[in-house]
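Working notes for the structure below.
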């Protein structure tokens, strides 16, 4: 099976809120000193979903990333996890892509690459949290999409996926080629082995630019980016010597406030 | 938009829950009313489904709408991306709305992006503020980004309709006005079964013990520090005594300590209880994004540096395993002596 996984590099979402800063000029987050961009968590889960298929079915996994030069690092990470090849889509003309322009470039790259059966994306990336690119690629390629997928099984040519609903889940049968966006419940991404890391470091990662792919105009324009005020209140700490005492005092406090 | 007759409608994609208008649709009608009034436009709601009760249309009108489109054939009995996108694409061709709004729900998260790409227009998801840009007349769409650490405001420069999904529980719904009059239009997009490429084999509802998370007045929420499914059993005990519901952050859901439907936050549910008790969780902005409204937040965490304390109203710095059994016992005793004002009932 030919599988394509799309991944993105983002500022580490684990950066604490207190260290979070914005650059109003570029309308982007400023990375605190020493922090690198990381692979978006849901995208890494999409890689894991692809590798789970490859574990039981002969497959070739291609990783695509639209980003700066530095996105090579996350592509190498995916290769070290077990993917077969990677392509970086990088050009200053791709830099200010919104969901539409990003999906457009990725869809064009997938067409250019040729054969594919299954495309996997994270359900949303952790920077703009739009959750549109996966469905967008499917629309642009004219193939069906299934979102927030937590399990993929391939049984004799039939592809069966489980996806999340607000009050449970549903099982769907999907004809190929298709696209799925993956949610984190699919499982922890595997760790690369030392041997795979070494192999990945030697692999050539081709770069496709606007020479190969004509970019699209964004649909949405970012007017402003700002840090909202949460009206942070003072926390009243329950002070007692024992945990049991704290529990009693907390219950009393909440009762007095008519909350319980 | 009044410059262009074709774009004189604001359309909301309505949702039903057990046959009745979902709360998110009432919230969308509130926002939609403001936008439509500013643009001097018609506010319409479209319901797609099968055997939709006629009361749904009149309810949408009494909640602020001017017009209702009903798309009702057996093909739309269950939600499927392909059939719903095609139906709304067809409606868009007919109606040419200037603005199209959906809820940021299971349905909206899946439907809105596919529909936006089909219509070749710009969508902004998970919006918390929607208004009309005075200068351009475009829809201004503000949404949390960077996991809730920042907010971004967008406009759509190219394409129509201007599209957004609205986060649940950020807007209070309008009061019903049963005297409002409106128009009901039945619309048939004339699709056949071949439109649906993906087939649903099974839908499984997870029964949650106790109150429903979205409507619960009290929520007991557990995080990474709970460590096991057994830990959540204790949280369920507390929730049961308080007549509340149990929620979780992402880690317990990822580790399958509880079903994914328990998750509160950016990739889970939005809740607005009057009391939220967070146990052994750090309070990442991605989780806090799911708590809205006038919620009193209580945090129990042994780490005094945990981010949750910057948002909490009451804090206990201690090991939850030592605090929880005593808290359960205290609450049991308090509850057996009566609730504070008999206000145990759910919000919805």
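Residue numbers (the numbering used here), protein chains in the order written: chain P, 762 to 1021; chain D, 410 to 757. Beta carbons are placed, not taken as given, at the ideal position from N, Cα and C, and that holds for glycine. Owing to the predicted nature of the structure, the values given are computational and were not obtained by experimental measurement.
Spatial neighbours of residue 835 of chain P within its chain, please: CB distance less than 7 Å, with the 5 preceding and 5 following residues excluded, ordered by chain position. 768, 770, 800, 826
Nearest-angstrom beta carbon gap, residue 1001 of chain P and residue 1007 of chain P [assumed within contact, 8 Å]: 5 Å
Going straight from the alpha carbon of residue 912 of chain P to that of residue 936 of chain P, what length do you get? 16 Å
Taking only three categories from DSSP, how would you classify residue 547 of chain D? coil
Which residues in the same chain have their Cβ closer than 7 Å to the Cβ of residue 591 of chain D, if we skip the five residues on either side of it in sequence? 470, 474, 475, 476, 477
Return no unless some Cβ of chain D is closer than 9 Å to the Cβ of residue 879 of chain P. no
I'd like the list of long-range same chain contacts for residue 675 of chain D, defined as Cβ closer than 6 Å, with 5 residues on each side in sequence excluded. Taken in chain order, the residues that qualify are 695, 698.
Compare the C-beta of residue 718 of chain D against all C-beta atoms of chain P and say whether one is closer than 9 Å. yes
Beta-carbon proximity list for residue 506 of chain D, same chain, < 6 Å, skipping 5 on both sides: 418, 420, 570
Take residue 724 of chain D as the anchor and find which of D:692, D:669, D:584, D:548 has the nearest alpha-carbon. D:692
Per-residue burial, residue 954 of chain P [other beta carbons within 10 Å of its own, 16 or more giving buried]: exposed
So that I know if they touch, is there some Cβ in chain P lying closer than 9 Å to that of residue 543 of chain D? no
Using the Cβ count rule (16 or more neighbours within 10 Å means buried), how would you classify residue 428 of chain D? Under this definition residue 428 of chain D is an exposed residue.
For residue 456 of chain D, name the three-state secondary structure that DSSP assigns. strand
Is the distance from the Cβ of residue 684 of chain D to the Cβ of residue 1020 of chain P below 9 Å? Taking C-beta atoms as the reference points, residue 684 of chain D and residue 1020 of chain P count as a pair closer than 9 Å.
Note down, in chain order, every chain P residue with its Cβ under 9 Å from the Cβ of residue 695 of chain D. 774, 887, 890
DSSP three-state assignment for residue 980 of chain P, whether helix, strand or coil: coil
Residue 529 of chain D: buried (16+ other C-beta within 10 angstroms of its C-beta) or exposed? exposed
Starting from the Cα of residue 468 of chain D, find the closest Cα among D:657, D:600, D:593 and give me that residue. The option with the nearest alpha carbon to residue 468 of chain D is D:593.
Cβ closer than 7 Å: which chain P residues qualify as neighbours of residue 658 of chain D? Going along chain P, no residue has its Cβ under 7 Å from residue 658 of chain D, so there is no contact; the nearest lies around 12 Å.
Quick one: what's got a C-beta closer than 6 Å to residue 785 of chain P's C-beta in the same chain, skipping five residues either side? none
Could you please give the first and the last residue of the uninterrupted beta strand (DSSP E) stretch that includes residue 941 of chain P? 939 to 943
Less than 9 Å between the C-beta atoms of residue 508 of chain D and residue 575 of chain D, yes or no? Residue 575 of chain D sits away from residue 508 of chain D, with the two beta carbons spaced by 9 Å or more.
Neighbouring residues, chain D, relative to residue 734 of chain P (Cβ below 7 Å): The structure shown does not extend to residue 734 of chain P, since chain P is modelled only from 762 to 1021, so the question has no answer here.
Tell me which residues of the segment 719 to 742 of chain D have at least one Cβ-Cβ distance to chain P shorter than 7 Å, keeping chain order. Those would be 719, 720, 721, 722, 723, 724, 725, 726, 727, 728, 731, 732, 735, 736, 739, 740, in chain order.
Kindly say whether residue 601 of chain D, judged by its beta-carbon, lies nearer than 9 Å to any beta-carbon of chain P. Chain P contact via Cβ: absent.
How is the beta strand (DSSP E) around residue 740 of chain D delimited, first residue to last? Premise fails: residue 740 of chain D lies in the alpha helix (DSSP H), 729 to 745, not in any beta strand (DSSP E).
So that I know if they touch, is there some Cβ in chain D lying closer than 9 Å to that of residue 1018 of chain P? yes
Taking only beta carbons into account, state which residues of the segment 921 to 938 of chain P come closer than 8 Å to chain D, listed in chain order. Contact annotation: in the segment 921 to 938 of chain P, residues whose CB is within less than 8 Å of a CB in chain D are 921, 925, 926, 927, 928, 929, 930, 931, 932, 933, 934, 935, 936.
For residue 627 of chain D, return the contacting residues in chain P, with the cut-off set at a CB-CB distance below 9 Å. 1020, 1021
Start and end of the beta strand (DSSP E) containing residue 608 of chain D? 608 to 614
Extent of the continuous alpha helix (DSSP H) to which residue 803 of chain P belongs: That run of the alpha helix (DSSP H) goes 802 to 817.
Smallest Cα separation from residue 440 of chain D: which of D:497, D:512, D:480? Measuring from the Cα of residue 440 of chain D, the nearest candidate turns out to be D:512.
Mind pulling the chain P residues with CB within less than 7 Å of residue 565 of chain D? The answer, in chain order, is 980, 981.
Assuming the contact rule is C-beta atoms closer than 8 Å, residue 482 of chain D and residue 519 of chain D should be a hit. Round their C-beta distance to whole Å, please. Not really, about 20 Å apart at Cβ, beyond 8 Å.
Determine which residues share a DSSP beta bridge with residue 553 of chain D and list them. D:560
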